[in-house]
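Throughout, my numbering is defined as the position within the sequence shown, counted from one, plus 104.
Ideal placement from N, C-alpha and C gives every residue a C-beta, glycine not left out.
Source: prediction; values computed, not measured.
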Amino acid sequence: MEDPTRWLPAEQGPVAFLVLFASSVIEYVFPPFPGDAITVLGAFLVTARNWSGPAVFACTTLGSLVGAAIDWSIGVRAKGLRERRGAVDRLVARFERHGPAFIVVNRFVPGVRALFFVAAGMAGMRAGPVLGYAALSAILWNALLFGAGVMVGSSWDRLFALFIAYNRVAWVVLGVLALAGVGLWARQRLGSR
Numbered sequence: 105m106e107d108p109t110r111w112l113p114a115e116q117g118p119v120a121f122l123v124l125f126a127s128s129v130i131e132y133v134f135p136p137f138p139g140d141a142i143t144v145l146g147a148f149l150v151t152a153r154n155w156s157g158p159a160v161f162a163c164t165t166l167g168s169l170v171g172a173a174i175d176w177s178i179g180v181r182a183k184g185l186r187e188r189r190g191a192v193d194r195l196v197a198r199f200e201r202h203g204p205a206f207i208v209v210n211r212f213v214p215g216v217r218a219l220f221f222v223a224a225g226m227a228g229m230r231a232g233p234v235l236g237y238a239a240l241s242a243i244l245w246n247a248l249l250f251g252a253g254v255m256v257g258s259s260w261d262r263l264f265a266l267f268i269a270y271n272r273v274a275w276v277v278l279g280v281l282a283l284a285g286v287g288l289w290a291r292q293r294l295g296s297r
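This is the structure:
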């Protein structure tokens, strides 16, 4: 894969840090956006171009928190959906019981993390604890990415391959859990007849 740093300025600066921050926000609000790839790129720049690790880490972490806050506020506004029976009630009930755990693992689940915060808002979780758990999750995830960046060094290809491998494994685990959930649901439905 071509080195993506060719289109970035050689020096770190406010625009580069704003891009890292904004991409971290956008990935929460628009999950198909590859924000994690931008975070990986930031970790790479710390190693390959000696960018400020604390500044890159702060930009990506703060962006994650702003995105989480936006999603949570959408959930708070969507509380009216709870009047409808079904999957929404079950999801919200799970968040009422295990919300902090779900929020802590959100960063490690690709593609659906925004839903965690919407559900937390719908479940009535307070903003302070939600953002505290979100900060813990973002710090752990970004530390993992930065650790990978340091371990792999200045090889963009190796770092990106590691990131892709992680995403594939995470999607397989999510698929297995979804299939297990469908199997459990079908078993309960058939058993109740």
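So which of the options has the shortest CA-CA distance to residue i?
i	options	result
A227	L248, A182 and V209	A182
A274	L122, V216 and V160	V216
L248	R153, P135, A120 and F161	F161
G179	A231, I130 and A290	A231
P135	A120, I174 and V119	I174
R153	P233, F264 and W260	W260
Assuming residue i and residue j are in contact, meaning their beta carbons sit under 8 Å apart, how far apart are those beta carbons, in whole angstroms?
i	j	result
V133	A218	7 Å
G253	F148	5 Å
V196	A172	That belief does not hold up - the Cβ atoms of V196 and A172 are roughly 17 Å apart, past 8 Å.
L235	L169	6 Å
A141	F267	7 Å
Q116	S156	6 Å
L298	V213	One cannot answer for residue 298 here, as it falls past the ends of the chain, which runs 105 to 297.
Grab me the residues of residue i's own chain with a C-beta within less than 7 Å of its C-beta, minus the 5 sequence neighbours each way, in chain order.
i	result
T164	L124, S128, T143, G146 and N246
W203	The residue asked about is misnamed: residue 203 is Gly in this sequence, not Trp. A224, A227 and M229, listed in sequence order.
Y237	P204, I207 and V208
Within its chain, find whatever has a CB closer than 8 Å to the CB of residue i; leave out the 5 residues flanking it on each side and keep chain order.
i	result
L166	F125 and S128
F206	R198, F199, F220, A223 and A224
R262	V256
Y270	none
G285	none
For residue i, which residues from the same chain have a beta carbon less than 6 Å from its beta carbon, with the 5 sequence-adjacent residues on both sides left out?
i	result
R211	S241, A242 and W245
Shorter than 7 Å, the distance from the beta carbon of residue i to the closest heavy atom of the ligand FAD, or not?
i	result
V160	With respect to small molecules bound, the structure shown includes none, and the ligand FAD cannot be examined in it.
Check: In chain order, which continuous runs of the alpha helix (DSSP H) of length 4 or greater are located wholly inside the stretch 224 to 272?
Finding: Runs of the alpha helix (DSSP H) inside the stretch 224 to 272: 231 to 256.
Item checked: Entirely enclosed alpha helix (DSSP H) segments - the stretch 145 to 176, minimum 4 residues -> Listed in chain order, nothing qualifies, since the stretch 145 to 176 has no complete alpha helix (DSSP H) run of 4 or more residues.
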